[in-house]
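Visitor: Let me begin by handing over the structure; questions about it come next.
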Amino acid sequence: MTQRISKSKRARMQNPILQFFRYIRLNLKILKIVSKGHGSTRDVNYTK
Numbered sequence: 114m115t116q117r118i119s120k121s122k123r124a125r126m127q128n129p130i131l132q133f134f135r136y137i138r139l140n141l142k143i144l145k146i147v148s149k150g151h152g153s154t155r156d157v158n159y160t161k
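Converting from the sequence shown to the numbering used here requires adding 113 to each position, the first position being numbered 1.
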């Protein structure tokens with residue numbers, strides 16, 4: 114059985130302005146993780 118989505122949650126999900134800010138926040142989180150060096154599986158001294 115599926116759960117019904119409330120009208121307020123549906124409005125929040127369909128709001129393009131809120132979607133934009135959630136997208137930016139997610140990108141910042143990802144960039145922060147990658148910039149700390151956890152975004153790669155290669156060795157630090159890797160050369161081609």
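For every residue, glycine included, the Cβ atom is placed at its ideal position computed from N, Cα and C. No experiment lies behind these values; they were computed from the predicted model shown.
1. For Met-114, name the three-state secondary structure that DSSP assigns.
2. Which of the three DSSP states is assigned to Ser-121 in this structure?
3. What residue range does the alpha helix (DSSP H) around Asn-140 cover?
4. Measuring straight from C-alpha to C-alpha, what distance separates Lys-149 and Lys-142?
Guide: On the basis of the data shown:
1. Residue state, collapsed to three classes: coil.
2. helix
3. In the DSSP assignment, Asn-140 falls within the alpha helix (DSSP H) that extends over 129 to 146.
4. 11 Å
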